[in-house]
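Each residue of the sequence shown is one higher than the one before, starting from 1 at the first, in this note's numbering.
Take a look at the structure below.
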Amino acid sequence: MSTYHDLPMLKRHLEGSILTISLNNPDMRNALVDDLIIDLTNTLKQADLDSQVRVVILKGEGKSFCAGGDVKAMKDRSGMFAGDSFELKNRYHFGIQEIPRSIERFRKPLIAQVHGAAVGAGCDLVAMCDLRYSTKDAKFA
1 MSTYHDLPML KRHLEGSILT ISLNNPDMRN ALVDDLIIDL TNTLKQADLD SQVRVVILKG
61 EGKSFCAGGD VKAMKDRSGM FAGDSFELKN RYHFGIQEIP RSIERFRKPL IAQVHGAAVG
121 AGCDLVAMCD LRYSTKDAKF A
């Protein structure tokens, strides 16, 4: 039997053949920070190779699905937004751009369960999933 322990930025729960991944940075509305990106892409790789997992549901903890990029880091030019143009290009390429690459390689159904805001890269994340469903309060931008 496969084991999926919670990670600092993700809650992971396997029930039968359904793996639920919850973005777990509610204080930042599940903004896509470096650690969350790493945890998400690694979990998708693990689930893809796991014969017990047949489908993955992706959702967000707290009031929002995902607020997209970390606007404070963008403003402060910190984290993945720090450095000169060459460093920035590499951080994007090996950072946030790993999400669409991981999803493209993922061979199992990926379902977005959306509530609250799905903004910017968060809306992109929803669009990358195979299926999407949302609550009536969901906002996409």
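We treat Cβ as the ideally placed atom computed from N, Cα and C, and that holds for glycine.
This structure is a prediction, so every number in the text was calculated from the model and none was measured.
Distance, residue j Cα to residue i Cα
| i | j | result |
| --- | --- | --- |
| G122 | R105 | 19 angstroms |
| S2 | T135 | 30 angstroms |
| G62 | R29 | 7 angstroms |
| L40 | D34 | 10 angstroms |
| D27 | I99 | 21 angstroms |
| L44 | A31 | 18 angstroms |
| L58 | F65 | 9 angstroms |
| N42 | S22 | 14 angstroms |
| G155 | D50 | Since the displayed the chain opens at 1 and closes at 141, residue 155 lies outside it and no answer follows. |
| D130 | H5 | 25 angstroms |
| K139 | D124 | 13 angstroms |
| A117 | N25 | 14 angstroms |
| A47 | L19 | 8 angstroms |
| S17 | L110 | 13 angstroms |
| G69 | I96 | 9 angstroms |
| S85 | V126 | 28 angstroms |
Of the listed residues the options, nearest to residue i (C-alpha basis)
| i | options | result |
| --- | --- | --- |
| M128 | A112, R107, L32, T20 | A112 |
| R101 | I38, T20, H13 | I38 |
| V114 | I96, I103, Y133, L36 | Y133 |
| R107 | L10, L36, V56 | V56 |
| R54 | S85, D84, L14, G68 | L14 |
Simplified DSSP assignment, three categories, for residue i
| i | result |
| --- | --- |
| G60 | strand |
| L32 | coil |
| K108 | coil |
| V126 | helix |
| A138 | coil |
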